[in-house]
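In the numbering used here, the protein residues as written are 160 to 328.
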């Protein structure tokens, strides 16, 4: 299979999926290494395909999924023991954690797409953090970070922000 045909197949797989597809699954299905998949994803992005990399895998960004929703960047600060509470608080009140952003003195803005919508997503993310040698991005900035949170209304975003404030974030 040529590189172009493989990238078309990846795009097709992602179009059909409603959940993120991890790199290992793509590499197994296409009989190539994870490094080849990473390069193919980068090529798809260069070609204008809106692929989002989440901690659970790759998914296509679909602007129609965001229509009518509201987004807000929420600044927070906490230690590692509060991460799960923070994320569960956001999803409890109807929010989706789109990403995490830190502002590093040397590297500038660093971000990672998260797409955390449910308690199951929170649990999966926390398990990956616990099993990883790397820590959360917020650890680069003494716990200071920003989440872009999406919800169905500004009122829900207000509630989420207030609940996070009540928890001391």
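Just so you know, even glycine gets a beta-carbon here, dropped at the ideal spot from N, CA and C.
For residue j and residue i, believed in contact at Cβ under 8 Å, the rounded distance
i, j, result
"residue 323", "residue 248", "6 Å"
"residue 213", "residue 272", "5 Å"
"residue 166", "residue 203", "6 Å"
Residue range of the unbroken alpha helix (DSSP H) whose run includes residue i
i, result
"residue 278", "278-290"
"residue 246", "242-251"
"residue 170", "162-175"
"residue 316", "313-325"
Start-to-end residues for the beta strand (DSSP E) that takes in residue i
i, result
"residue 258", "255-263"
"residue 270", "267-275"
Span separating the alpha-carbon of residue i from that of residue j
i, j, result
"residue 313", "residue 229", "6 Å"
"residue 383", "residue 161", "In the structure as shown, the chain starts at 160 and stops at 328, and residue 383 therefore has no counterpart that could be examined."
"residue 340", "residue 175", "There is simply no residue 340 to check, as the chain begins at 160 and stops at 328 in what is shown."
"residue 170", "residue 246", "30 Å"
"residue 307", "residue 236", "14 Å"
"residue 200", "residue 208", "9 Å"
"residue 210", "residue 276", "18 Å"
"residue 220", "residue 172", "14 Å"
"residue 255", "residue 318", "13 Å"
"residue 260", "residue 304", "6 Å"
"residue 194", "residue 216", "14 Å"
"residue 288", "residue 294", "6 Å"
"residue 205", "residue 266", "23 Å"
request  = Note down, one range per segment and in chain order, each beta strand (DSSP E) of at least 3 residues found wholly within the stretch 179-240.
outcome  = Here the runs fully enclosed are 210-213, 216-219 and 229-236.
ask   = For the 8 Å Cβ check, are there 3 or more pairs between the stretch 183-201 and the stretch 237-257?
value = no
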